[in-house]
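Each residue of the sequence shown is one higher than the last, beginning at 0 in numbering that gives the first Met the number 0.
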Amino acid sequence: MKLALFGGGAMGRLISARAKDEGHEVALVLTSRDAQRSADELQDLLRGHDAAIDFSVAGAVLSNVTACVRAGVPIVVGTTGWSLHEPDVRRVVEEHGGALLYGANFSIGVNIFYRIVARAAELFQDVPYYASFIEEAHHARKRDAPSGTALRLRDLLAPVADDIPVASTRAGYIPGTHRVGFDSDADQVMLTHTARTREGFAAGALLAAGWIVGQQGTYEFSDVLNKILAERTIRK
């Protein structure tokens, strides 16, 4: 694939390196230095790419998606914290017949973790004396708190309780840890996902980019993961 990349930070550099290892061409990298470019300039730069991947900042997502769909380039968004702009993003994608695949977390393990937590929520739904809670920890440079993954987990736990506490830690170099607990006076059940590196996020984002080519509409990564993996297996 010929890829465009929004974001030159740690995740952007990791995706760029992994993409090259997988035989893709990262032909364009747009960073904060390109923020002053007009929409027309961005569209001209993006045309001819197979897909774009966005790991920039929340405030740039709407303009990045708009530029991509106008240029006819499908986009994968791994940036978090832009939920307030989601209605506008969806509208732009629909108006231009574009393609967007977004996710709070592109790790395959995390997306399986979502399903485990959802099943646990079903099991605890009828046991009112267990209190659910979420803990998440990331490196000191991560801006949004709670993380997008933690917010997704909170949504999955909604059948258990209306007000689920989320504790966030930002310190050191932690790639990402998420814990979901169910606590009673007798015992505690704790489910944990720990990211050892960010490689899993990069691998998932590239997998998503390969799938979104030729698609139309707005998709959430965890909702289409089974389809992506199944189609990838068939192609092999």
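Ideal Cβ placement from N, Cα and C applies to all residues, glycine included.
What does DSSP give as the partner residues of residue i in its beta bridges?
{"i": "L99", "result": "I74 and T217"}
{"i": "K1", "result": "E24"}
{"i": "E135", "result": "S167 and H177"}
{"i": "Q187", "result": "D182"}
{"i": "L206", "result": "The partner list for L206 (beta bridge, DSSP) is empty, contrary to what the question assumes."}
{"i": "L29", "result": "F5"}
{"i": "T196", "result": "Answer is none; T196 lacks a bridge partner."}
Going by the beta-carbon positions, is the gap between residue i and residue j smaller than 7 Å?
{"i": "N104", "j": "T168", "result": "no"}
{"i": "I74", "j": "V64", "result": "yes"}
{"i": "D143", "j": "T217", "result": "no"}
{"i": "Y101", "j": "V76", "result": "yes"}
{"i": "A98", "j": "Q187", "result": "no"}
{"i": "P174", "j": "A194", "result": "yes"}
{"i": "A26", "j": "K1", "result": "yes"}
{"i": "L45", "j": "V68", "result": "no"}
{"i": "E134", "j": "R197", "result": "no"}
{"i": "F5", "j": "L29", "result": "yes"}
{"i": "G203", "j": "S106", "result": "yes"}
{"i": "Q124", "j": "P158", "result": "yes"}
{"i": "A136", "j": "T176", "result": "yes"}
{"i": "D49", "j": "V212", "result": "yes"}
{"i": "H95", "j": "L61", "result": "no"}
{"i": "G7", "j": "F54", "result": "no"}
{"i": "E129", "j": "F181", "result": "Residue identity differs from the one stated: residue 129 is Tyr in this sequence, not Glu. In this structure, F181 lies closer than 7 Å to Y129 by Cβ."}
{"i": "L155", "j": "A185", "result": "no"}
{"i": "A160", "j": "S131", "result": "yes"}
{"i": "F220", "j": "A207", "result": "yes"}
{"i": "A201", "j": "L13", "result": "yes"}
{"i": "L150", "j": "V116", "result": "no"}
{"i": "N110", "j": "L224", "result": "yes"}
Can you tell me where the beta strand (DSSP E) with residue i in it begins and where it stops?
{"i": "I163", "result": "No beta strand (DSSP E) holds I163; DSSP gives it neither H nor E."}
Could you give the DSSP three-state label for residue i: helix, strand or coil?
{"i": "A130", "result": "strand"}
{"i": "L245", "result": "This structure does not reach residue 245, given that the chain is present from 0 up to 235, and the question cannot be answered."}
{"i": "R142", "result": "coil"}
For the alpha helix (DSSP H) that contains residue i, what are its first and last residues?
{"i": "V212", "result": "No alpha helix (DSSP H) holds V212; DSSP gives it neither H nor E."}
{"i": "T148", "result": "G147 to L155"}
{"i": "F123", "result": "I107 to F123"}
Where in the segment 33-84 do unbroken runs of the beta strand (DSSP E), each at least 3 residues long, occur, reported from the N-terminal end onward?
Entirely contained in the segment 33-84, the beta strand (DSSP E) runs reaching 3 residues are, in chain order, 50-53 and 74-76.
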